[in-house]
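Novice:
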Ligand SMILES: [Zn+2]
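In the working numbering, the protein residues as written are -14 to 146.
#1: Is the beta carbon of residue 103 within less than 6 Å of some heavy atom of ligand 1?
#2: Count the other CB atoms, across all protein chains shown, that sit within 10 Å of the CB of residue 35; report buried if there are 16 or more and exposed otherwise.
#3: Does the Cβ-Cβ distance between residue 94 and residue 17 come in under 7 Å?
#4: Quick one: what's got a C-beta closer than 6 Å to residue -8's C-beta in the same chain, skipping five residues either side?
#5: Would you call the CB atoms of residue 4 and residue 31 closer than 7 Å?
#6: Could you pull out every unbroken alpha helix (DSSP H) segment of at least 4 residues lying fully inside the region 16 to 75, listed in chain order?
#7: Can you check which of these residues, 83, 99, 118, is closest to residue 132 by C-alpha distance?
#8: Could you tell me which residues DSSP pairs with residue 114 in its beta bridges?
#9: Which residues does DSSP pair with residue 85 in a beta bridge?
#10: Tell me whether residue 22, by its Cβ, gets closer than 6 Å to a heavy atom of ligand 1.
#11: Rounded to the nearest angstrom, what separates residue 109 and residue 66 at their Cα positions?
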């Protein structure tokens, strides 16, 4: 089951996602230790290189502005370095956000409550705290569903200190 144009039921009509990437839904396993896994549906947005590059550049730009400002405060060097490191980390995080998990439709394997996620970088597995029973639900999106990444694995962000 790959990316078939899932019935465009008016969903996202006119959504201006220029450059933000296309979203798609996949079946994933929701797992809690000690309970049988359930099937959930995950909405994932594929982030194109341009979007990640822009976001990473924005973080670096912000911290390049912030760094000299905080460096006014003694002892100067640690603040400067700290700001640059934080900027680098945030930029790198954005750069590596190949997929964003936007929503999960499904129930907690433990207590059957509806699962909700905050949109954010997709991890495999992706941990989602259940608000009802406070168990940590592990959402496992099959790698195959994410496949077809057309980019080389080279990572320009890896040159950070
Ligand atoms: Zn639960």
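Quick reminder that beta carbons are idealized off the backbone N, C-alpha and C, glycines included.
Since the structure is predicted, the reported quantities are computational estimates derived from the model, not experimental observations.
Specialist: This is what the structure gives:
#1: no
#2: exposed
#3: yes
#4: Note on residue -8: pLDDT 42, under 50, position unreliable in the model; no value is reported.
#5: no
#6: 34 to 55
#7: 83
#8: 121
#9: 30, 106
#10: no
#11: 31 Å
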